[in-house]
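One structure is given here, and the rest of the page talks about it.
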Amino acid sequence: MQNRRLIPMNRNVVFAWSVLLAGLFSVPFFAACSDGQGEEITINFKAMVGDKAFSCSESYADIGTGKSPMKLVDFRFYVHKVRVINAAGEEVPVTLKEDGKWQSDRLALLDFEDHSGTCAEGKGNEGTNTSIVGYVPKKDGIKGLKFIIGVPEDINHLDAAQATAPLDQSTSMFWSWNRGYRFLRFDAITTDTNRYAFYFGSIGCTVDDNKKLESCKFANRVEFSFDSFDPSTNTVVADIDALLKEADVQKADGAQAPGCMSTPETPGCAAPFKAIGLTYGQDAAPKDQTFLKVE
1 MQNRRLIPMN RNVVFAWSVL LAGLFSVPFF AACSDGQGEE ITINFKAMVG DKAFSCSESY
61 ADIGTGKSPM KLVDFRFYVH KVRVINAAGE EVPVTLKEDG KWQSDRLALL DFEDHSGTCA
121 EGKGNEGTNT SIVGYVPKKD GIKGLKFIIG VPEDINHLDA AQATAPLDQS TSMFWSWNRG
181 YRFLRFDAIT TDTNRYAFYF GSIGCTVDDN KKLESCKFAN RVEFSFDSFD PSTNTVVADI
241 DALLKEADVQ KADGAQAPGC MSTPETPGCA APFKAIGLTY GQDAAPKDQT FLKVE
């Protein structure tokens with residue numbers, strides 16, 4: 001048998017081939033395992049009216065102090081500055097996953113109406129979004145959750161015609177007369193002729209000729225904090241019954257229809273402001289909000 005002689009390779013050549021092969025095999029592997037943004041988490045929300053699910057085709061009874069009937073028309077709100085609390089008790093920012101519709105990397109729109117039933121009378125659209133998706137360095141060991149309902153001040157007063165997602169999802173969330181966005185919009189029908197509306201956002205804002213914010217008398221952004229929250233098992237519940245529990249949803253305030261447009265001196269704002277944990281007029285800040293809970 002003929003003996004084959006192995007030709008020794010230069011050490012530098014061997015090293016170069018090793019590096020090349022390692023690069024070829026490792027790049028796809030790491031690209032498949034991580035995009036460099038951390039681990040993905042989903043924070044789920046749902047809307048309820050007491051113990052009943054939010055529905056555009058249902059009628060609800062005993063709402064507010066007047067025990068009024070109610071049919072739902074619209075319910076949406078913006079969330080930003082989302083953070084989770086890790087096992088060490090530290091706040092960890094959640095980088096939101098941009099999807100071109102419901103989320104940018106810092107702002108999300110939650111939309112519970114689907115434009116069916118009585119919601120077809122509103123100004124929403126057919127799509128719904130009931131979760132926030134984002135990235136954290138490590139999703140194991142999450143103990144709590146914090147976020148703010150509202151639109152960040154630096155983008156709240158930009159030209160709505162140039163808005164990008166999620167601010168471009170519906171022009172009805174923009175408050176043209178108030179030079180900013182409604183942070184939360186809730187509309188309902190209480191009788192054949194009466195409507196109730198709660199629009200929550202910054203009030204008394206002025207901008208310069210370039211639409212740059214000068215000031216807002218009432219910023220009206222509210223932070224919500226939950227000491228016990230695990231995104232793998234828990235859901236944030238927005239309870240409309242709790243929001244309106246101390247409100248008379250059929251009582252008009254002078255020339256204004258029943259409800260609240262976030263003006264602190266409007267009597268109709270006292271009850272929902274208290275429920276979301278916001279100071280009303282000269283009242284002391286509520287100790288606890290009742291609008292959102294974790295289950």
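The numbering of the sequence shown is this note's numbering, which starts it at 1 and goes up by one. Backbone N, C-alpha and C define an ideal beta-carbon position, used for all residues, glycine too.
Taking DSSP as the reference, what is the three-state secondary structure of S55? For the purposes of this step, residue 55 is identified with residue 55 of the sequence shown, where counting begins at 1. S55 falls in the coil class under three-state DSSP.
Between the alpha carbons of V207 and G89, how many angstroms are there, rounded? Position 207 of the sequence shown, counted from the first residue, corresponds to residue 207. Position 89 of the sequence shown, counted from the first residue, corresponds to residue 89. In a straight line, the C-alpha of V207 is about 39 Å away from that of G89.
Collapsed DSSP secondary structure at L158 in the structure displayed: Residue 158 sits at position 158 when you count from the first residue of the sequence shown. Looking at L158 - three-state DSSP - the assignment turns out to be coil, as it is neither helix nor strand.
Candidates P267, R221 and T193: which alpha carbon is nearest F147's? Here the question's residue 147 lines up with position 147 in the sequence shown. F147 has its Cα closest to that of R221, out of P267, R221 and T193.
Could you tell me the distance, in whole angstroms, from the CA atom of T290 to the CA atom of K46? To locate residue 290, count along the sequence shown from 1; it is residue 290. To locate residue 46, count along the sequence shown from 1; it is residue 46. T290 and K46: Cα-Cα distance of roughly 15 Å.
Can you tell me whether P258 is helix, strand or coil according to DSSP? Indexing the sequence shown from 1 puts residue 258 at position 258. Coil, per DSSP.
Going by other Cβ atoms of all chains shown within 10 Å of its Cβ, with 16 needed for buried, is P137 buried or exposed? Counting from one through the sequence shown, the residue named residue 137 turns up at place 137. It counts as exposed.
Count Cβ pairs between the segment 43-59 and the segment 236-244 that sit closer than 8 Å; are there 3 or more? yes
Terminal residues of the continuous alpha helix (DSSP H) containing A271? Looking up residue 271 in the sequence shown gives position 271. A270 to I276 is the span of the alpha helix (DSSP H), which, as asked, contains A271.
Where do the ends of the alpha helix (DSSP H) carrying A242 lie? Translated into positions along the sequence shown, residue 242 becomes position 242. Unbroken alpha helix (DSSP H) run through A242: I240 to L243.
Quick check on the burial criterion: 16 or more other C-beta atoms within 10 angstroms. Buried or exposed for K274? Here the question's residue 274 lines up with position 274 in the sequence shown. Burial call: buried.
Which first and last residues belong to the beta strand (DSSP E) in which G134 is found? Residue numbering aside, residue 134 sits at position 134 when the sequence shown is read from its first letter. Here the beta strand (DSSP E) through G134 covers S131 to V136.
Assess contact between the segment 60-73 and the segment 163-177, defined as three or more Cβ pairs (one per stretch) separated by less than 8 Å. Is contact present? no
Work out the CA separation of K287 and A188 for me, nearest whole Å. Looking up residue 188 in the sequence shown gives position 188. Looking up residue 287 in the sequence shown gives position 287. Spanning the two alpha carbons is a distance of roughly 28 Å.
Alpha-carbon spacing of T263 relative to G141, whole angstroms: The residue given as residue 263 occupies position 263 in the sequence shown. The residue given as residue 141 occupies position 141 in the sequence shown. Distance between the alpha carbons of T263 and G141: 41 Å.
Assign P166 to buried or exposed, taking buried as 16 or more other Cβ atoms, counted over all protein chains shown, within 10 Å of its Cβ. If you number the sequence shown from 1, residue 166 lands on position 166. Buried, because 16 or more other Cβ atoms sit within 10 Å of the Cβ of P166.
From the DSSP output, read off the bridge partner residues of C205. As a working note, residue 205 is residue 205 in the sequence shown. C205 is bridged to C216.
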